[in-house]
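Novice: Take a look at the following structure, please.
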Ligand code: UD1
């Protein structure tokens, strides 16, 4: 079986690492295409190095642009890549512009398409990620869902026939790193930060692109009662620079984004996570660290239902959430047992033998 994975942004490199490790140990012919959506070394190269992902076979080098230009550049470049490699499956990940572009390219050229992390919904059509995931699910021959809730979402949209619950590959990655890399890593040290601290990340367009919202968040974080280690995504730095907002205010300590193992070590050592990232909400839950999510909704509602994640928007809500009592312990495992990548391989193999849906 020949599978061509298309990735381009940080969370996709994390998911790819679990899939690539499993494929390599089971003789799957795996071609990796990096679109170049993320090009900063701290958002890209360090993930390939630390998570031992094989170097990409193809690099499209698209870089940053508006949504249409970025998506279109990937779409245009994929034609030659698919024609050259002729995979049995094109595997796309998550909800970025790289996901959607590769999905459209595959269906136009009649290559079977599988979507990993299918069925997530925020039901917020103002998020670019929501368009990307809905359109990709409806184009896919195989929707690889991470949870029961994602399966229900797919069923509600008439996609049951193409849906399989494989579990969440991010659990595979986190457990692997926790068991193999973290024990040998020293606890992270941040200059000027002593005692209990929060880890924060902000990058979503709805939080960074409007000046009033961005100022509200910076104001809220700066006034917290413990140091806030803010791991600044390039989108956040670009916006604060353009708006003349000083990030290093009050409680905030600005740091560069961290490699994955260091980030997990920082989260484990923290009093809580404050984020708008999807992956980090789940990672905090899996490490049993309380999370505050700066959004009006989340795709990972299980983390909220189990009490480990609270949605907060205003300065007041954020301050209350980060000081709430520690959540009740739980043994719930809504994100699988750490074997999702094997289930992905099995689902791809089984569907290949059955033949794809007749389109
Ligand atoms: C993208 C994904 C988002 C994912 C996130 C993870 C889309 C629509 N969004 O958001 O789903 O959660 O990645 O980080 O695909 N930039 C750099 N260097 C880089 C990458 C980006 O400076 O290596 C800057 C550029 O100014 C760019 C901006 O960040 O314009 C936004 O990058 P973009 O790829 O559009 O989306 P992200 O915010 O990273």
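In my numbering, the protein residues as written are 1 to 359.
The beta carbon of each residue, even a glycine, is placed where N, CA and C say it ideally should be.
These numbers were taken from a predicted model, which means no experiment stands behind them.
Apart from the five residues just before and just after residue 14, which ones in its own chain have a Cβ nearer than 8 Å to its Cβ?
Specialist: Counted from its first residue, the chain shown places residue 14 at position 14. Answer for residue 14: 47, 51, 170, 173, 260 and 279, listed in chain order.
Novice: Would you say the beta carbon of residue 43 comes nearer than 7 Å to a heavy atom of ligand 1?
Specialist: Counting from one through the chain shown, the residue named residue 43 turns up at place 43. For ligand 1, at least one heavy atom lies less than 7 Å from the Cβ of residue 43.
Novice: Can the beta-carbon of residue 273 be found closer than 8 Å to that of residue 252?
Specialist: Along the chain shown, read from residue 1 onward, the residue named residue 273 stands at position 273. Along the chain shown, read from residue 1 onward, the residue named residue 252 stands at position 252. In this structure, residue 252 does not lie closer than 8 Å to residue 273 by Cβ.
Novice: Of the residues 85, 178 and 204, which one's Cα is nearest the Cα of residue 128?
Specialist: In the chain shown, the residue the question calls residue 128 occupies position 128. Nearest of 85, 178 and 204 to residue 128, Cα basis: 204.
Novice: Write down the C-beta distance between residue 207 and residue 276 rounded to the nearest angstrom, noting that I regard them as a contact closer than 8 Å.
Specialist: On the chain shown, residue 207 is found 207 positions in, with the first residue counted as 1. On the chain shown, residue 276 is found 276 positions in, with the first residue counted as 1. The pair is a contact, with the Cβ atoms about 5 Å apart (cut-off 8 Å).
Novice: Look up residue 363 in the DSSP assignment and give the residues it is bridged to.
Specialist: Outside the shown range of the chain (1 to 359) lies residue 363, about which nothing can therefore be said.
Novice: Can you pull the DSSP bridge partners for residue 142?
Specialist: Numbered from its first residue, the chain shown carries residue 142 at position 142. Paired residues: 114.
Novice: For the segment 43-96, list the beta strand (DSSP E) runs that are entirely contained and at least 3 residues long, ordered along the chain.
Specialist: Under the rule that a run must span 3 or more residues, the beta strand (DSSP E) segments found entirely inside the segment 43-96 read 89-93.
Novice: May I ask which residues mark the beginning and end of the beta strand (DSSP E) holding residue 312?
Specialist: As a position in the chain shown, residue 312 is number 312, starting the count at 1. Element bounds for residue 312: n/a, residue is neither H nor E.
Novice: Measure the CB-CB distance between residue 345 and residue 22 and report whether it falls below 8 Å.
Specialist: Here the question's residue 345 lines up with position 345 in the chain shown. Here the question's residue 22 lines up with position 22 in the chain shown. Yes, these two residues count as a Cβ contact at 8 Å.
Novice: Taking its Cβ as the centre, do 16 or more other Cβ atoms sit within 10 Å of residue 293, making it buried, or is it exposed?
Specialist: Along the chain shown, read from residue 1 onward, the residue named residue 293 stands at position 293. The C-beta of residue 293 has 16 or more other C-beta atoms within 10 Å across all chains shown, which makes the residue buried.
Novice: Output the boundary residues of the alpha helix (DSSP H) element that contains residue 217.
Specialist: Residue mapping note: residue 217 aligns to position 217 of the chain shown, counting from 1. Residue 217 -> alpha helix (DSSP H) spans 211-222.
Novice: For residue 250, count the other beta carbons within 10 Å of its own beta carbon; 16 or more makes it buried, fewer makes it exposed. Which is it?
Specialist: Counting from 1 along the chain shown, the entry for residue 250 is found at position 250. Label assigned to residue 250: exposed.
Novice: What does the Cβ neighbour count give for residue 167, buried or exposed, with the cut at 16 atoms within 10 Å?
Specialist: Along the chain shown, read from residue 1 onward, the residue named residue 167 stands at position 167. Residue 167 should be labelled buried.
Novice: So, at 6 Å on beta carbons, what are the nonlocal neighbours of residue 269 in its own chain, with the 5 sequence-adjacent residues on each side left out?
Specialist: On the chain shown, residue 269 is found 269 positions in, with the first residue counted as 1. Counting only Cβ-Cβ distances below 6 Å, and skipping sequence neighbours, we find 187.
Novice: Using only CA atoms, which one of 157, 309 and 7 lies nearest to residue 57?
Specialist: Residue 57 sits at position 57 when you count from the first residue of the chain shown. That would be 7, whose Cα lies nearest to the Cα of residue 57.
Novice: So what does DSSP say about residue 122, is it helix, strand or coil?
Specialist: Taking the first residue of the chain shown as 1, we reach residue 122 at position 122. Residue 122 falls in the coil class under three-state DSSP.
Novice: Using the Cα positions of residue 224 and residue 283, report the straight-line distance between them to the nearest angstrom.
Specialist: Taking the first residue of the chain shown as position 1, residue 224 is located at position 224. Taking the first residue of the chain shown as position 1, residue 283 is located at position 283. The alpha-carbon atoms of residue 224 and residue 283 are separated by roughly 22 Å.
Novice: What number of angstroms, rounded off, separates the C-alpha of residue 114 from the C-alpha of residue 143?
Specialist: In the chain shown, residue 114 corresponds to position 114, counting from 1. In the chain shown, residue 143 corresponds to position 143, counting from 1. Rounded to the nearest angstrom, the two C-alpha atoms are 6 Å apart.
Novice: Does ligand 1 have even one heavy atom less than 7 Å from the beta-carbon of residue 9?
Specialist: Here residue 9 is taken as the residue at index 9 of the chain shown, counted from 1. Yes; taking the cut-off as 7 Å, the Cβ of residue 9 has a heavy atom of ligand 1 nearer than that.
Novice: The alpha helix (DSSP H) that contains residue 18, what's its start and end?
Specialist: Residue numbering aside, residue 18 sits at position 18 when the chain shown is read from its first letter. For residue 18, the enclosing alpha helix (DSSP H) starts and ends at 10-25.
Novice: Give, in chain order, every unbroken run of the alpha helix (DSSP H) that is at least 4 residues long and sits entirely within the segment 230-311.
Specialist: Correct list: 234-243, 260-268, 278-286 and 301-305.
Novice: Would you mind stating whether residue 36 and residue 19 have Cβ atoms separated by less than 8 Å?
Specialist: Here residue 36 is taken as the residue at index 36 of the chain shown, counted from 1. Here residue 19 is taken as the residue at index 19 of the chain shown, counted from 1. Against a cut-off of 8 Å, the Cβ pair of residue 19 and residue 36 comes out as no contact.
Novice: Okay, do the segment 129-142 and the segment 84-101 touch, 3+ Cβ pairs below 8 Å being the bar?
Specialist: yes
Novice: Would you mind working out which of 262, 25 and 54 sits nearest residue 42, comparing C-alpha positions?
Specialist: Working through the chain shown from its first residue, we reach residue 42 at position 42. Of 262, 25 and 54, the smallest CA-CA separation from residue 42 is found for 262.
Novice: What number of angstroms, rounded off, separates the C-alpha of residue 110 from the C-alpha of residue 248?
Specialist: As a working note, residue 110 is residue 110 in the chain shown. As a working note, residue 248 is residue 248 in the chain shown. Approximately 50 Å between the Cα atoms of the pair.
Novice: Can you tell me whether residue 96 sits near ligand 1, meaning its C-beta is under 7 Å from at least one heavy atom of the ligand?
Specialist: Walking along the chain shown from the start, residue 96 turns up at place 96. Indeed, a heavy atom of ligand 1 lies less than 7 Å from the Cβ.
Novice: Within 10 Å of its beta-carbon, does residue 350 have 16 or more other beta-carbons around it, so buried, or fewer, so exposed?
Specialist: Residue mapping note: residue 350 aligns to position 350 of the chain shown, counting from 1. By the 10 Å Cβ count, residue 350 comes out exposed.
Novice: Looking only at its own chain, which residues have a Cβ that is under 7 Å from the Cβ of residue 343, when we skip the five neighbours before and after it?
Specialist: Numbered from its first residue, the chain shown carries residue 343 at position 343. Cβ neighbours of residue 343 beyond the five flanking positions: 166 and 167.
Novice: Look at the alpha carbon of residue 134 and the alpha carbon of residue 267, and state the distance between them as a whole number of angstroms.
Specialist: Translated into positions along the chain shown, residue 134 becomes position 134. Translated into positions along the chain shown, residue 267 becomes position 267. Computed Cα separation, rounded: 31 Å.
Novice: Between which residues of its own chain and residue 181 is the CB-CB distance below 6 Å, once the five residues before and five after are set aside?
Specialist: As a first step, residue 181 is located in the chain shown; it is residue number 181 there, counting from the start. 261, listed in sequence order.
Novice: Could I get the ranges of all uninterrupted beta strand (DSSP E) runs contained in the segment 162-193, with 3 residues as the minimum, in chain order?
Specialist: 163-165
Novice: Taking the CB atoms as reference points, tell me whether residue 295 and residue 306 lie closer together than 8 Å.
Specialist: Taking the chain shown and counting its residues from 1, the one referred to as residue 295 is at position 295. Taking the chain shown and counting its residues from 1, the one referred to as residue 306 is at position 306. By the CB criterion at 8 Å, residue 295 and residue 306 fall outside the cutoff.
Novice: Between 308, 348, 2 and 286, which has its C-alpha nearest residue 176's C-alpha?
Specialist: Here the question's residue 176 lines up with position 176 in the chain shown. It is 286.
Novice: Consult DSSP for residue 348 and reduce its assignment to one of helix, strand or coil.
Specialist: For the purposes of this step, residue 348 is identified with residue 348 of the chain shown, where counting begins at 1. DSSP places residue 348 in helix when its eight states are reduced to three.
Novice: Just mark residue 67 as buried or exposed, buried being the case when its beta carbon has 16 or more other beta carbons within 10 Å.
Specialist: As a working mapping, residue 67 is identified with position 67 in the chain shown. Its Cβ having fewer than 16 others within 10 Å, residue 67 is exposed.
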